[in-house]
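**Student:** Those sequence lines, one after another, are chains D and V. Just so we're aligned: the first sequence equals residues 161 to 584 in the working numbering. Just so we're aligned: the second sequence equals residues 145 to 416 in the working numbering. Beta carbons: idealized from backbone N, C-alpha and C, even for Gly.
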Amino acid sequence: MDHPIIEIKNVGKKYNITHQRGRYVALRDVITSIIMSPFSFLKKKVKQVAGLEVKEEFWALRNINLDVKKGEVIGIIGRNGAGKSTLLKILSQITPPTMGEIKIHGRVGSLLEVGTGFHPELTGRENIFLNGAILGMKQKEIARKFDAIVEFAGIEKFIDTPVKYYSSGMYVRLAFSVAAHMEPDILIVDEVLAVGDAEFQKKCLGKMEEVTRQDGRTILFVSHNLGAIQNLCSKTVLLEKGTIKMIGETREIIETYLENMKRDAHTNTNITEDTKKDAQITSVKILDKNNVPSNSIPISEKFSVIVDYIVRKPLKNASLSCQFYLNDDYILISSASDKSGKLFDYQPGKYTTIINIPEFLFNVGFCSINVLIDHPMVKLIDTVKDIGLEITNINNPRSNIYTKISGKMGTILEYETKKMGSVN
Amino acid sequence: MATIIIRPKKILSWNDIKELWIYRELAYFLTWRDLKVRYKQTIVGVGWAIFQPFMSMFVFTIFFGTLAKMPSDNVPYPIFVYTGLLFWNFFSSALGDTSGCLIANQAIITKVYFPRLILPISSVLTKLVDFAVASAMLGLLMIYFGYMPKLISIIVIPLLLLITFMASVGLGLFLAAINVKYRDVRYVLPYFIQMLMFLTPVIYPASIAGKYSWLLAINPMTGVIQNARAALLGTAAINWTLISISFVATLLLLIFGTITFKKVERFFADLL
Numbered sequence: 161m162d163h164p165i166i167e168i169k170n171v172g173k174k175y176n177i178t179h180q181r182g183r184y185v186a187l188r189d190v191i192t193s194i195i196m197s198p199f200s201f202l203k204k205k206v207k208q209v210a211g212l213e214v215k216e217e218f219w220a221l222r223n224i225n226l227d228v229k230k231g232e233v234i235g236i237i238g239r240n241g242a243g244k245s246t247l248l249k250i251l252s253q254i255t256p257p258t259m260g261e262i263k264i265h266g267r268v269g270s271l272l273e274v275g276t277g278f279h280p281e282l283t284g285r286e287n288i289f290l291n292g293a294i295l296g297m298k299q300k301e302i303a304r305k306f307d308a309i310v311e312f313a314g315i316e317k318f319i320d321t322p323v324k325y326y327s328s329g330m331y332v333r334l335a336f337s338v339a340a341h342m343e344p345d346i347l348i349v350d351e352v353l354a355v356g357d358a359e360f361q362k363k364c365l366g367k368m369e370e371v372t373r374q375d376g377r378t379i380l381f382v383s384h385n386l387g388a389i390q391n392l393c394s395k396t397v398l399l400e401k402g403t404i405k406m407i408g409e410t411r412e413i414i415e416t417y418l419e420n421m422k423r424d425a426h427t428n429t430n431i432t433e434d435t436k437k438d439a440q441i442t443s444v445k446i447l448d449k450n451n452v453p454s455n456s457i458p459i460s461e462k463f464s465v466i467v468d469y470i471v472r473k474p475l476k477n478a479s480l481s482c483q484f485y486l487n488d489d490y491i492l493i494s495s496a497s498d499k500s501g502k503l504f505d506y507q508p509g510k511y512t513t514i515i516n517i518p519e520f521l522f523n524v525g526f527c528s529i530n531v532l533i534d535h536p537m538v539k540l541i542d543t544v545k546d547i548g549l550e551i552t553n554i555n556n557p558r559s560n561i562y563t564k565i566s567g568k569m570g571t572i573l574e575y576e577t578k579k580m581g582s583v584n
Numbered sequence: 145m146a147t148i149i150i151r152p153k154k155i156l157s158w159n160d161i162k163e164l165w166i167y168r169e170l171a172y173f174l175t176w177r178d179l180k181v182r183y184k185q186t187i188v189g190v191g192w193a194i195f196q197p198f199m200s201m202f203v204f205t206i207f208f209g210t211l212a213k214m215p216s217d218n219v220p221y222p223i224f225v226y227t228g229l230l231f232w233n234f235f236s237s238a239l240g241d242t243s244g245c246l247i248a249n250q251a252i253i254t255k256v257y258f259p260r261l262i263l264p265i266s267s268v269l270t271k272l273v274d275f276a277v278a279s280a281m282l283g284l285l286m287i288y289f290g291y292m293p294k295l296i297s298i299i300v301i302p303l304l305l306l307i308t309f310m311a312s313v314g315l316g317l318f319l320a321a322i323n324v325k326y327r328d329v330r331y332v333l334p335y336f337i338q339m340l341m342f343l344t345p346v347i348y349p350a351s352i353a354g355k356y357s358w359l360l361a362i363n364p365m366t367g368v369i370q371n372a373r374a375a376l377l378g379t380a381a382i383n384w385t386l387i388s389i390s391f392v393a394t395l396l397l398l399i400f401g402t403i404t405f406k407k408v409e410r411f412f413a414d415l416l
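1) Please determine, among D:L521, D:R472 and D:V452, the residue with the shortest C-alpha to C-alpha distance to F484 of chain D.
2) Can you list the residues of chain D that Y356 of chain V reaches, using a CB-CB cut of under 8 Å?
3) Identify which residue in V:D241, V:L164 and V:S216 has its Cα closest to the Cα of L333 of chain V.
4) Which term fits R373 of chain V, buried or exposed, when burial requires 16 or more other beta carbons within 10 angstroms of its beta carbon?
5) Assuming L380 of chain D contacts I165 of chain D (C-beta within less than 8 Å), just tell me the rounded distance between them.
6) At 4 residues or longer, and completely inside the region 357-407 of chain V: list those alpha helix (DSSP H) runs for me, N to C.
7) From the DSSP output, in three-state form, read off V225 of chain V for me.
8) In terms of alpha-carbon separation, which member of V:L285, V:G314 and V:T227 lies closest to P345 of chain V?
9) So, do the region 498-507 of chain D and the region 446-457 of chain D have three or more beta carbon pairs nearer to each other than 8 Å?
10) By the 9 Å beta-carbon criterion, what residues does the region 432-464 of chain D contribute toward chain V?
11) Are F405 of chain V and A311 of chain V touching if we call contact CB-CB under 7 Å?
12) Counting only Cβ-Cβ distances shorter than 8 Å, please list the residues of the region 270-302 of chain D near chain V, keeping chain order.
13) Measuring alpha carbon to alpha carbon, tell me which of D:E301, D:I195 and D:G548 ends up nearest T453 of chain D.
14) For the alpha helix (DSSP H) containing Y183 of chain V, name the first residue and the last one.
15) Please report how far the alpha carbon of A335 of chain D lies from the alpha carbon of M342 of chain D, in whole angstroms.
16) Return the residue from the list D:D350, D:S270 and D:E311 that minimises the CA-CA distance to S245 of chain D.
17) Could you check what DSSP says for L343 of chain V in three-state terms: helix, strand or coil?
18) Is there a Cβ from chain V that is less than 7 Å from the Cβ of I234 of chain D?
19) Report the three-state DSSP secondary structure of E167 of chain D (helix, strand or coil).
20) Please name the residue, chosen from D:M259, D:G269, D:L247 and D:A313, that lies closest to A293 of chain D on a Cα-to-Cα basis.
21) To the nearest whole angstrom, what separates the beta carbons of M259 of chain D and G172 of chain D, a pair I think is in contact under 8 Å?
22) Using three-state DSSP, classify C245 of chain V as helix, strand or coil.
23) Along the region 241-259 of chain D, where does the CB come closer than 7 Å to a CB of chain V? Name the residues.
24) Against chain D, does V324 of chain V count as a neighbour if the rule is that its beta carbon must be under 7 Å from one of theirs?
25) Just to confirm before moving on: does the CB-CB distance between K510 of chain D and I470 of chain D stay below 7 Å?
26) From K395 of chain D to Y167 of chain V, what does the alpha carbon distance come to, in whole angstroms?
27) Alpha carbon to alpha carbon, how far is S243 of chain V from S390 of chain V?
28) Flag this pair as yes or no: are the beta carbons of T308 of chain V and F235 of chain V separated by less than 7 Å?
29) Return the chain-ordered list of same chain residues with a C-beta closer than 8 Å to the C-beta of G182 of chain D, the five sequence neighbours on each side being excluded.
30) What are the residues in the region 147-177 of chain V lying within 7 Å of chain D by C-beta distance?
31) Considering V444 of chain D, what are the terminal residues of the beta strand (DSSP E) in which it resides?
32) Could you tell me the distance, in whole angstroms, from the CA atom of L285 of chain V to the CA atom of A413 of chain V?
33) Taking the beta strand (DSSP E) that K545 of chain D belongs to, which residues open and close that run?
34) Secondary structure at G191 of chain V, three-state DSSP: helix, strand or coil?
35) Using the three-state DSSP reduction, which class does D274 of chain V fall into: helix, strand or coil?
36) Kindly say whether N170 of chain D, judged by its beta-carbon, lies nearer than 7 Å to any beta-carbon of chain V.
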């Protein structure tokens, strides 16, 4: 069939910034504000109605146009906040788009997170039926596939045990197994493979491959696991800041993506000034041990992160912090200027902070850096996100033995070994 | 092959009702889950559904019936209050669960698509099962005190249940919607429900308010409980006017609640 199975036309999604903040609105506060200052409330309402209000808007997605043909496996990559998850959420109808239209010809199954709707008190058997129903399967269909689901998950013995007694591995296996058997025409997968042991991940990838090769199923696959994307997807979409940056052959797109990651360590130094912010980070640089800007640091060398920022209004109890993280949300370390347990009071002016990172802190691989100024636990003032950094495997004494050292940290620990005596 | 069209959402359309029908099995499974989980790790299991109104009846009978000599339309106080409690508990617990259903199920809402209206509906269905179980106790009480329900009960009781259903879903949908946005609603709600109980003739007859008893009739649950007593215990003639008024009022409440719910539904996943 040449007709595309998914047609995405000019789709956009707008959030009002207020929605993005973590705090919930309390009815109490709203009522108090109406009573305390009825005029300003009325003024706001009138402005809202008249459309004069200046809202802080944020387009998570904009001008997305994409046709997917039947049987295609499309990878979607991009960094945090590029709009990957928003796109999948719109496609799986969890949140509606603000504009545009999507036509989908067929049943959509989404694996936005495995184990959705599992109830810990219920047994494996009961959860299979419940989860199946939540994912949109009919009872008969579930009953028919029941044995296959249990077998794929490999939990035959525990099928009548409440899942709260399951190990996390068993839990994930069962959850994936239910989802993998739902046989939709279009499968939307987000980062499910980040869980489970390596063995099971392989099995899942195998299952997904089998599904596409044999049944000609269409898959949209979002992952930070570039290897998995490379293996599975023929075509890949690169999202950047809510728009499609590139569509094309997977290998090519991944290369561009990695290139961008490297390049951005330098380009991030130019940030346009926004005088509305009380304080603003104007530049973030990574310097190697010779103070040369670089985003590729040997594991055996120390380096530093230089943050320049402007404080426009006096800030009380503020802090500058720096987070190193993997993938979307796996924070390796979160450090802050409040290490003495005190917060800073900043007077207006230009500041520079140097954060020194010792050698052998992170293991070899890619990680990203976020820098932020905030009133801790109260309010975020400014942040710069996603500065790419690669730790390279140079002069690493341990790699004489291992080709790849597992773990996320590279610290070399002291091993004291003594011979305590002889055998007999 | 079915074609799904995703667009910026409208408020309410015919499709919503069709979709509810397609997803009816999910409503069944969610109800089943709630019942199963609730009674799984308890000693008396489903007995809780009886125990609760029974204990309330016991306490109310001692304090209001025996000690305070509350009038009870010439019916023994225990069955008088139990009939009231039966319908009141259905209403109040359904209301409580419905208004919290979105928060309680946010893990599913933010991950999978299905018509959100399924959630409040299944909350109420769960309470309907409790109601059925607790009714058995009423049957026993009626036999013990020698009361025979009027034949008209076959029509009246389901009608009253429907009114209670609409009232709790209607109000519950409205509260569920604002609960997502304003999280303090759930702290106020139990207090509000308790207040409402005293404004409803559960532990006293409506006649106690004398010439102001019409004020009580604004509350649809007044009509429900009064007429349930009339049909089952013969306390008075069945007041069809009151039933009709309650029916129309709750129907409007249901429509209002559904529209509010659908309006906010578009943003649930963004707000939760």
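**Tutor:** From the atom records:
1) D:L521
2) Residues of chain D passing the Cβ test: none, with the nearest at roughly 30 Å.
3) V:D241
4) buried
5) The Cβ separation is near 11 Å, so there is no contact.
6) 357-360 and 364-377
7) helix
8) V:T227
9) no
10) none
11) no
12) S270, L272, E273, T276, G277, H279, E281, L282, E286, F289, L290, A293, I294, L295, G296, K298 and Q299
13) Reading off the sequence, residue 453 of chain D comes out as Pro, not Thr. For the residues D:E301, D:I195 and D:G548, the minimum Cα distance to P453 of chain D belongs to D:G548.
14) R168 to K184
15) 11 Å
16) D:D350
17) coil
18) no
19) strand
20) D:G269
21) 5 Å
22) helix
23) K249, I250, S252, Q253, I254, T255, P256, P257, T258 and M259
24) no
25) yes
26) 34 Å
27) 21 Å
28) yes
29) Because the pLDDT of G182 of chain D is 41, which lies under 50, any placement of that residue in the model is unreliable, and the question is left without a value.
30) T147, I148, I149, I150, R151, P152, K153, E169, L170, F173 and R177
31) A439 to L447
32) 47 Å
33) K539 to T552
34) helix
35) helix
36) no
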